[in-house]
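Asker: Chains A, B, C and D are the protein sequences, given in the same order. According to our numbering, the first sequence is numbered sequentially starting from 34. According to our numbering, the second sequence is numbered sequentially starting from 14. According to our numbering, the third sequence is numbered sequentially starting from 34. According to our numbering, the fourth sequence is numbered sequentially starting from 2. Glycine residues also receive a C-beta, built at the ideal position from the N, C-alpha and C atoms.
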Amino acid sequence: MSKNEKPKFAMYWADSCGGCDIAVLNIHEKILDVDANFEVVFWPVAMDAKYKDVEAMPDESILLTLFNGAIHSTEHEHIAHLMRKKSKILVAFGSCACEGCMPALINLSSKKDFFDTVFTTISTDNPENIRPQTSVKVPEGVITLPEMYSVVRTLDQVVPVDYYMPGCPPESHQIAAVIDLVIQVLQGKAELPPPGAVIGAGNSTVCDECPRKRDIKKIKKFDRIQFIEPDPEICLLEQGILCSGLATRNGCEAKCPSAGSPCIGCYGPAEGVLDYGARLMSAVASVIDSTDPAEINQILDGIPDPAGQIYRFNMAGSLLQAGKTAWNRK
Amino acid sequence: MNNNETFEPVIIGFTCNWCSYRAADTAGTARVKYAPNIRLIRLMCSGRLDPTFVLKALANGADAVLITGCHPGDCHYVEQNYKALRRFHLLKRVLTQMGIEPGRLKLVWASAAEGAILAAEFDKFINEVRALGPLNWPLQKQKTFSTPALEEVAA
Amino acid sequence: MSEKIGVYVCHCGTNIAGIVNVEEVTQWAGSRLKERGVVIARDYKFMCSSLGQELIEKDIKELGLTRVVVAACSPHLHERTFRTACERAGLNPYLSELVSIREQVSWVHTDKIAATAKAKAVLSGGVERVIHNEPLEPLKVPIHPDSLVVGGGIAGIQAALELADGGNHVYLVEREPSIGGHMAQFDKTFPTLDCSACILTPRMVQAGNHPNITLLTWSEVTKVDGYVGNFEVVIKKKARYVNTELCTGCGICVEKCPMKVVDDVFEAGMAKRKVIYTPFPQAVPNFPVLDAPNCTFFQKGTCKACEKFCPTNAIDFNQKDEDITVKVGNIVLATGYDLFNPRRIPQYGYGRLENIITSLEFERLCNASGPTGGNIVLKDGVTPPKTVGIVHCVGSRDQNYNGYCSAICCMQSIKFAHLVHERTGAEIYNFYIDIRTPGKSYEEFYQRVLDEGTHFVRGKVAEVTDVARSPEEEGKLIIQVEDTLIGKQRRIPVDMVILSAGLEPRYDAKETGKLFGIACSADGWYIERHPKLDPIATMTEGVYIAGCVQGPKDIPATVAQGAAAAARIQGKIQQGEITLEPIRASINEDQCSGCRICNDLCPFSAILFHEDRAVSEVNAALCQGCGTCVAACPAGAISGTGFSNEQVLAQIEGLLLLNIEKIESNKVPA
Amino acid sequence: MKQYAYYPGCSLESLAVSYNLANIEVSRKLGLELSEIEDWNCCGATAYFPVDEFLAYTLVARNLAKGEKMGLDFVTPCNGCYKNAYFTNAYLQQDPDLAEHINSALEEDNLHIEGTSKVKHLIEVYVYDVGLEEISKKITHPLQGLRVAPYYGCQLVRPRKNGEDVENPRYFEDLLSTIGAEPVEYYSKTHCCGGSLIVTNRMAALDMINKLLQDAVKSKADVIATTCPMCNVNLEVYQGYVNREFGTDYSMPVMYFTQIMGLAMGIKPNLLGIGKELVSGATLKSFAQVKESG
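#1: Give every residue of the same chain whose Cβ lies closer than 8 Å to the Cβ of A/G127, excluding the five residues on either side of it in the sequence, and list them in chain order.
#2: Compare the Cα-Cα distances from B/N149 to each of B/A125, B/H84, B/I54 and B/A77 and report the closest residue.
#3: DSSP state of A/S277, grouped into three classes?
#4: Are B/L62 and B/L56 closer than 8 Å when you measure CB to CB?
#5: Under 9 Å Cβ-Cβ, which residues of chain D neighbour C/V500?
#6: Cα separation between C/R601 and C/E195?
#7: Assuming C/V497 and C/L386 make a contact with CB atoms under 8 Å, what is their CB distance in whole Å?
#8: If you scan the segment 269-308 of chain C from start to end, which runs of the beta strand (DSSP E) of 3 or more residues do you find wholly inside it?
#9: From C/K94 to C/C119, what does the alpha carbon distance come to, in whole angstroms?
#10: Between which two residues does the beta strand (DSSP E) containing D/K3 stretch?
#11: Can you tell me which of the three DSSP states C/R121 falls into?
#12: At a CB-CB cut-off below 7 Å, which residues of chain C make contact with D/E246?
#13: Taking any Cβ of chain B, which residues in the segment 329-357 of chain A have a Cβ under 7 Å from it, in chain order?
#14: Among residues of its own chain, excluding the 5 on either side of C/N692, which ones have a beta-carbon nearer than 8 Å to its beta-carbon?
#15: Would the beta-carbon of B/T81 fall within 8 Å of that of B/T28?
#16: I'd like to know whether the C-beta of A/G174 is nearer than 8 Å to at least one C-beta of chain B.
#17: For C/D76, which residues of its own chain have a beta-carbon under 7 Å away from its beta-carbon, when the five flanking residues on both sides are left out?
#18: What in chain C is Cβ-close to B/G41, meaning under 9 Å?
#19: Less than 8 Å between the CB atoms is what I'm expecting for B/A129 and B/A37, so what's the real figure, rounded?
#20: So C/P526 contacts chain D; which residues on that side make the cut at Cβ distance below 9 Å?
#21: Any residues in the segment 368-391 of chain C with a beta carbon nearer than 7 Å to a beta carbon of chain D? Which ones, in chain order?
#22: Hey, does C/L634 have any beta-carbon neighbour from chain A nearer than 8 Å?
#23: By a C-beta neighbour count over all protein chains shown, 10 Å radius and 16 as the cutoff for buried, is B/I24 buried or exposed?
#24: Strictly by DSSP, which residues pair up with D/P151?
#25: Closest by CA to D/N144, which one among D/F88, D/I114, D/G116 and D/T179?
#26: Checking contacts by CB at 8 Å: is B/G82 closer than that to chain A?
#27: Below 7 Å between beta carbons is the criterion; list the residues of the segment 46-68 of chain B that meet it against any residue of chain A, in chain order.
#28: Would you mind stating whether A/T187 and A/A125 have Cβ atoms separated by less than 8 Å?
#29: If you drop the 5 nearest sequence neighbours on each side, which residues of the same chain put their C-beta closer than 7 Å to that of D/R159?
#30: Grouping DSSP H, G and I as helix and E and B as strand, with all else coil, what is C/G369?
#31: For C/H643, which three-state DSSP category applies?
#32: Just checking: is the beta-carbon of C/M572 within a distance shorter than 8 Å of some beta-carbon in chain B?
#33: Within 10 angstroms of the Cβ of A/E224, are there 16 or more other Cβ atoms? Answer buried if so, exposed if not.
#34: Does C/S157 come out as helix, strand or coil in the three-state DSSP assignment?
#35: Hey, out of C/I389, C/D220 and C/I73, whose CA is closest to C/G406's CA?
#36: Leaving out five residues before and five after D/Y83 in sequence, what residues of the same chain have Cβ atoms less than 6 Å from its Cβ?
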């Protein structure tokens, strides 16, 4: 490429809430560096652009693509493949792209239940009970909609991914740091991390940054944050609050536990962990203070929705990835 | 889709080095017969049982998982089998929520002497799983990485 | 695939080959597992034979194998064999795997095809696992030559003497004021009927004077740190209120003490003792102990008779409990047993009706140094019984109490029958379920007592009551029993009933076990390393058990175990250092977040937490390798050698044959 | 007013009518409502279980199911009924197969049982649910000096439930002291009364009854208090036979514990069915005195 031309930057949102895009804008004046160093060619949230424009670009012509959102529809998958083809560096950006995040909790239910909930529950005004169709005939011709998959997938379950940037959303200071890094690389001042690396995060867990006082753990009862007023000094788990911090990758500066709210695990598994939920389950269960099955179960009743709480962000990224109902279509 | 009469489940069984694995040996030495559907893995203690192992086995094609260890109070590491017990109960709850029949995960205590008893438990479990039918969980695709070529961009 | 793996499948004669098609398995491994790194696959009649082992060694040298998998019998049988073979050929022994296709395949399955298929799966599991095996070095730990013996009964005394005579220093800890244990309370010992005290006392004195034995009576172990070869033990020396430096054991203080209390320990509640006392004349050491809770001075602040009269001013009311810390290499637990409390069987009337006594109470009753000077008499202290009933298996072999046999009660009851006969000429009835006399000249003794005319009634006693149904029953204790030999209900009136109560683990056995990191069986006795081949050692390296702590047994067996434990320790001390299986957990400090989940999970307290760096660390020598912390670490920061995640996960894939079936791509239903 | 599903059992409609009266009166005084289970059937007594265990369980379960339907604890004044009900209830909780079997049978009757409701003997309800303190408040005529032999019988306490001492239970004694009477210690209070042996092997039964009366007399009891119509019949009705067989001369009054409680609560004897006894009406009057003067 010719010297005066700035390297190209793209950002895309698949199945996501948009928080990631906002997080990027939330890096304040650093956003100017992005503009100074990159030519933004594709960023649905921030600018107008058409898929066909991207399709027209030569392969690998985009240097850096931040892909946020999980893969839940044929459109998501199509764009994932497209961005992979057109980008040199494809970053799974944010929890959705990395591990499925909230959208992937749908993997616990069937597609039908999902649609029923969306289109028939009280919050929806849908008297003739219409369902979205993949293709509809209208006088002007046929219009189509992408098809929904029954199982939400992470980006790297669809296309190879170069780097992962966890967080829901990733912390702005981490984003800024990563942008800096890439710019440094462009200026030849730094090396890229090894492919497949997790960037913009630590490699220990949230407890590492958590200011709360920690002692040995013995859990006699699980409680929920809305029902008790936890001691501000002491580890939340020791107070019976299922805090996911101990299994969750650090990098967020333990914002939630510091603020008195348990970590819910948005930064995903720690380095080298195969299944986030298994780690959390194993750790928490191990310190239940009882040897009697009945009492153990009674203590576990304190966790009303274990799968939801333990795999809140990691369902798609987990070993089983989805519940049976989701796998068995219909 | 599955014809149960000919369905032969594959079951992964986790054993502890001191009681249940020895029990399996005892069964062997005593020539106690059981169905060949169960394949054992030896751990030092049921306390080593990481839920990851169970999830891995189920995700990779096992129809069920059996966890075994020393009898409560008899653990050769004093009390570690209780940790296995606690994890077992939480894991079971999670799996149930994921639509996996509770009958596909079982915990059995067996002392080194209880070869025949363990063998009987094997058969019992195998039959229970046979009745449940195959789990055939969709196999996961391994992650693959492509190294980005950046040399010419840098500078 | 960088590893070069050799696979060896054993026929074990026909043991394996009879059911598993060994050749097929071998060829399959050679071809299908090639891409997994298998460079050679052989089968052989007997892999464990020297020729079989040479096969492996040869291949390691010539083909440069980096991993070895043997499919044969159980690792518990030949793991060491094949590891040594690898070592001889210069391959780290821990880079080999032995998978069991005998105990777990050929011996338990009948369908040849299915068995062969399973053998393949098991083998492929081993292959996948071995790829992730790491070269390990066994841990070597130096042994401290001193030893600790807990419990001053005959088992502990024996162990201590053996060790001391062997030239090693021993700390002998006893929580009572004197050593001697239960044996000191007995009158005669079966079947030889020699006086218990007479044979025990010399040993006690010997232990008391032995230059290599530090005797710590009226003391208890409160803390045990460290690990085999390097234990650090804290012992609490309870205040005696007697300065043992000055005390001469003259006994004047005991004489002068005005207060008497019931002696529940040595006299089993049959007699009183002074508040300052030595439990019995031959006590070792013979310094008295002041029982503060009952002492008038400690109650009311007056008296001090003992102090006034002590010729050497040895009484010291200001004495406090003191903790001493000792370093030892090995520990013997010989804390003995408690007697089953017959009150738990209300229908036997113990504690409710007079002249119903336990075996231990009887031992005191007929002991020359006992409350009645050895006269077997009724509660009134004068009348000798005309008829005596002796009930066997009280609380033993009974699902409501203890299922196990207490081993000594039969012989003890027969001994009682003899003693009663000898001293009172009374008519004696023994009520038994079975008579068990499995010892040298035990049966002969039984015959002898039969000849003496003791009645043996086969049947479990239903109840003992004082409610007479007929004139001849008036004023007697009536034993209601079904005589199963004549198939009749019988009511036998007697003057005295002796309940041969069973043996039970010490009431605090569980806590003591925890203290030393060893486990109790369901019955509460300590678990030996192996019930047949290693009844002395425990799962905790360096901690041994001797005597009734391991299960009910008689004096000879107890003495034998005491000596055996000592011998085991001598051996260890000789070696100077011991090697431990290198199956250990370790924590990656960068990844450890200091969440402290693992801290309390280790029963061997091998995990310490560094407050300063806020990370946990595993003490490799303390770690027993159970892997519980590895499985529990939420950050995946703890890894365990020998059974790493990689090894187990790979083995799962192998067992499920993912290594040969291509993993299909992840299709998602629309 | 605490409610209970009340299962009187067959005897209380025939031989033991007085027991039934007393139960209802005393319970009312204690603020309990015994609402009788509708259309209840025999519990199978001791006879049916050896004949066909499954059917026997079902027979009992039918009553239990009806009680469960009422959502109340199941209470019965008869030791035999109590034993059958208690264990049937316990077994079908432990044994899913049994539960299934029973329920399949109950379906015919549109009934279903979970085994969730508690089964109690009336005396347990008084002692544990109401409590001795409450009872003492209701005592207007304490039966001072009345020596009562509390007779538990064998089925009230056996086999051991929740770890109580089956050989020497105390709660009956405590209850009697609470109403001012003097419980006597006697040996055979939990021994068998002979039960239905009286029909099948009369001598054996009479021998047992004899021993019981012997002990009661020896302990100078004025009256034996029973908790079971069967025990009551054996001890009372057969005293004559015993006297004939063993040349004794017992005339030991035998009364239901609720009758004695009733007296202490100042309930009119006729409301308690007192006067229907077969043995020694005379001594009964003497209670009455004890009662007035008390």
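Answerer: Put simply:
#1: S49, G52, C53, A56, N101, G102, C134, M198, P199, G200, C201, P202 and P203
#2: B/A77
#3: helix
#4: yes
#5: Y187, Y188, S189, K212, Q215, D216 and K219
#6: 11 Å
#7: 7 Å
#8: 293-295 and 305-307
#9: 10 Å
#10: K3 to Y7
#11: helix
#12: Within chain C, no residue comes near D/E246; the closest Cβ sits about 15 Å away, beyond 7 Å.
#13: I329, N330, L333, P339, A340, I343, L352, L353, Q354, G356 and K357
#14: L66, R69, S157, V160, E161 and E686
#15: yes
#16: no
#17: V42, H44, V55, E56 and T59
#18: C106, S107, S133, R135, E136, Q137, V138, S139, W140 and V141
#19: About 11 Å separates the two Cβ atoms, so there is no contact after all.
#20: The premise fails here: C/P526 is roughly 15 Å from chain D at the closest Cβ pair, so nothing lies under 9 Å.
#21: P379 and Q380
#22: yes
#23: buried
#24: D/A226
#25: For clarity, residue 144 of chain D is Leu in the given sequence; the question names Asn instead. Comparing Cα-Cα distances from D/L144 to each of D/F88, D/I114, D/G116 and D/T179, the minimum goes to D/T179.
#26: no
#27: D63, P64, T65 and L68
#28: yes
#29: V167
#30: coil
#31: strand
#32: yes
#33: exposed
#34: helix
#35: C/D220
#36: T77 and H122
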